Amino acid sequence: MKPLDESERSGRSRRRALLMERLQAGDADACRELLDDIGPAVTGFLRRRIADSSELEDVYQEVFMALFEARQTYQPGRPLEPWLFAIARNVAADHLRRNWNRASWQELAADPPDRPDLSIDESPGPAPDLTEALEKLPPNQRAAFSMLKLEGLSLEAAAERSGVTVGALKVRAHRAYKALRKLIGGT
Amino acid sequence: MSPSNETRHDTLHRALVDHLAANLQPSRPLWPVRRRLAVWLAIEIAVLADAMVVTGNDFAQKLMHPPYALEIGFFAASGLILAAMALSAAIPGRESRPWQTPLAVALVLGGTLMLFAVQMRTDTPLGQFVSVGSHCAFVTCARAILPWIVLWWAVRRGAPGDGRAAGAMVGAAAMLFSFAIMRIACPIDEPLHLVTWHLGPVVAVTLISTFAGAVWLRFPRRRASSGH
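Top line first, the protein sequences correspond to chains U and W. Residues in the first sequence are numbered from 0 upward in steps of one, following numbering that gives the first Met the number 0. Residues in the second sequence are numbered from 0 upward in steps of one, following numbering that gives the first Met the number 0.
See the structure below:
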């Protein structure tokens, strides 16, 4: 893609600012045009911060939702880009912080228990509950849980089998643990 | 991005844009920071006027003494700067000016030092110290409630990226201005009383506001997990 010169860049910035003002006024066409225009810039911005493509899609959606929710904070007459990328940066930072917290929790939770208390064959009490609860999970969370806790695969091996990064697998497994805790009623 | 990912991304983008465009409602832009700050200041001036009318303190005479006048000016100015910072922080892409934080801190420290221009007294009976002081602490907080609510609401209408910092600025702004007003309303100039019962609530409420901001002011707001 040919880099824009200064006048093209300022022309594009002015056009975006005008579209944003129309968006604030409730013009749906301007909304579509502006979001289509800024989409590639937002993707590029996020790609420099988030490597995993499925995570990137999640954050991309969150950025657009946040832009939409915060549209009243744009000050007409000002350039759009600083406002836009400040929101994108906040959303990406928030996402990374949440992932970091989840991953830290996951590191603790991933330590093997002293006694295998989740074995379906060996513990007649909780096993039926667990089986039923597992059925209620989305397939990717169920698979992540099964590979890590029932098959005993390492994080790397499970991630490779699922075709996702270790980070993404950790997130799925964490969500599975959370959902299972709720379904089974454990602590 | 692989071709399949690109197609998925385009599909997602289209669905997202259509959804947002379909749900678009007109949204009035927030007032500029200066205008909102002027409204907040008008409220503070009303609170100050009320304090001046009801007080039995001879503040007009005391204002002739530079340390007293400067001290009040320093605390009020720091409150005003922090309020401006809080309102700016609610606008994405609007950074506060680099001199604002150091200046606000310097004003608070300068004002605190000036409190000690008067001799400290430690011979006040404890019961009297507590009963008089707790009333002052209560009134300091009470006079800050309306400005705090107004500023909190104004910031929450925006999109502060750092809710904790925004909460701290909102709390500190309202309480520091209230501290300045209380220096006019309260006839006691003794430093131990002022530090314990006037400045103590400022610190306490700022801390509470900081934690509240981390939960309720942060943007993007928390949504339910998508569960995939």
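Just so it is clear, CB atoms sit at the ideal spot from N, CA and C, and this is done for glycine as well. These numbers come from a predicted model, not from an experiment.
Under a Cβ-count criterion, where at least 16 other Cβ atoms within 10 Å of its own Cβ denotes burial, should residue i be classed as buried or exposed?
i: Trp99/U; result: exposed
i: Arg180/U; result: exposed
i: Asn89/U; result: buried
i: Arg120/W; result: exposed
i: Glu121/U; result: For Glu121/U, the predicted model reports a pLDDT of 45, less than 50, meaning its position is unreliable; a value from the coordinates is still stated below. So Glu121/U counts as exposed.
i: Thr6/W; result: exposed
i: Pro200/W; result: buried
i: Gln140/U; result: buried
i: Leu45/U; result: buried
i: His94/U; result: buried
i: Lys169/U; result: buried
i: Ala50/W; result: buried
i: Lys148/U; result: buried
i: Pro65/W; result: exposed
i: Pro219/W; result: buried
i: Phe115/W; result: exposed
Can you tell which of the options has its C-alpha closest to the C-alpha of residue i?
i: Val202/W; options: Pro25/W, Ser177/W, Pro28/W; result: Ser177/W
i: Glu94/W; options: Lys135/U, Asp93/U, Ala91/U, Trp82/U; result: Trp82/U
i: Cys185/W; options: Arg163/W, Ala172/W, Thr139/W; result: Thr139/W
i: Val214/W; options: Leu193/W, Leu40/W, Pro159/W, Ala14/W; result: Pro159/W
i: Asp17/W; options: Ala27/U, Gln23/U, Arg13/U; result: Ala27/U
i: Arg34/W; options: Thr209/W, Met181/W, Ala82/W, Ile207/W; result: Ala82/W
i: His192/W; options: Val154/W, Leu125/W, Ala59/W, Val32/W; result: Leu125/W
i: Leu29/W; options: Glu20/U, Leu33/U, Cys30/U, Ile37/U; result: Glu20/U
i: Pro138/U; options: Glu56/U, Arg174/U, Ala29/U; result: Arg174/U
i: Arg70/U; options: Asp57/W, Asp9/W, Gly157/W, Pro101/W; result: Gly157/W
i: His197/W; options: Asp9/W, Ala88/W, Arg182/W; result: Arg182/W
i: Leu150/W; options: His8/W, Leu19/W, Val32/W; result: Val32/W
i: Arg101/U; options: Ala167/U, Leu17/U, Glu80/U; result: Ala167/U
Under 8 Å between beta-carbons, which chain W residues line up against residue i? List them in chain order, please.
i: Gly187/U; result: Here chain U has residues from 0 to 186 only, and residue 187/U is not among them.
i: Val90/U; result: Pro219
i: Ala65/U; result: Ala158, Phe218, Pro219
i: Trp99/U; result: Those do not exist, as Trp99/U stays about 16 Å from chain W at its closest Cβ, beyond 8 Å.
i: Asp4/U; result: Correct list: empty, because the minimum Cβ distance to chain W is about 24 Å.
Which bits of chain U does residue i rub up against, with CB to CB less than 9 Å?
i: Pro28/W; result: Glu20, Gln23, Arg70, Gln71, Thr72, Tyr73, Gln74, Pro75
i: Phe210/W; result: Ordered by position in chain U, no residue passes the 9 Å Cβ test against Phe210/W, which lies about 17 Å from the chain.
On the three-state DSSP scale, how would you describe residue i?
i: Trp152/W; result: helix
i: Arg120/W; result: coil
i: Ala126/U; result: Caution applies to Ala126/U, whose pLDDT of 47 falls short of 50 and renders its modelled position unreliable; the value that the coordinates give is listed next. Of the three classes helix, strand and coil, the one that applies to Ala126/U here is helix, per DSSP.
i: Asn89/U; result: helix
i: Tyr176/U; result: helix
i: Ile207/W; result: helix
i: Gln71/U; result: helix
i: Trp98/W; result: coil
i: His64/W; result: coil
i: Asp116/U; result: Residue confidence is low: Asp116/U scores 48 on pLDDT, short of 50, so the model does not pin down where it sits. Its coordinate-derived value is still stated next. It is coil, neither helix nor strand.
i: Gly170/W; result: helix
i: Phe176/W; result: helix
i: Cys185/W; result: coil
i: Glu35/U; result: In the sequence under discussion, the amino acid at residue 35/U is Asp, which differs from the Glu named in the question. Helix, per DSSP.
i: Thr54/W; result: coil
i: Ala83/W; result: helix
Measure how close the beta-carbons of residue i and residue j come, nearest whole angstrom, since I'm counting them as under 8 Å.
i: Met113/W; j: Met168/W; result: Between Met168/W and Met113/W the Cβ distance is about 23 Å, and since that is not below 8 Å, they are no contact.
i: Val117/W; j: Asp161/W; result: Wrong, their Cβ atoms sit about 38 Å apart, outside the cutoff.
i: Ala173/W; j: Ala143/W; result: 4 Å
i: Ala21/W; j: Leu86/W; result: Wrong, their Cβ atoms sit about 32 Å apart, outside the cutoff.
i: Trp147/W; j: Gly110/W; result: Actually they do not touch by this definition, with Cβ atoms about 20 Å apart.
i: Ala89/W; j: Thr72/U; result: 7 Å
i: Val62/U; j: Ile86/U; result: 7 Å
i: Ala179/W; j: Gly78/W; result: 7 Å
i: Ala157/U; j: Ala143/U; result: 7 Å
Identify the contact partners of residue i in chain W, using a Cβ-Cβ distance below 9 Å as the criterion.
i: Ile86/U; result: Pro91, Gly92, Ala158, Gly160, Phe218, Pro219
Give me the chain U residues within the contact set of residue i, using Cβ-Cβ distance strictly less than 8 Å, ordered along the chain.
i: Gln24/W; result: Gly25
i: Leu11/W; result: Glu56, Tyr59, Gln60
For a contact defined as C-beta to C-beta under 7 Å, what are the partners of residue i on chain U?
i: Pro31/W; result: Gln74
i: Val16/W; result: Arg31, Leu34, Asp35
i: Ala20/W; result: Ala27, Cys30, Arg31
i: Asn4/W; result: Ser52
Show which residues of chain W have a CB atom less than 7 Å away from the CB atom of residue i.
i: Gly38/U; result: His12
Would you say the beta carbon of residue i is closer than 7 Å to some non-hydrogen atom of the ligand PLP?
i: Trp30/W; result: Among the ligands in the structure shown, none appear at all, so the ligand PLP cannot be discussed.
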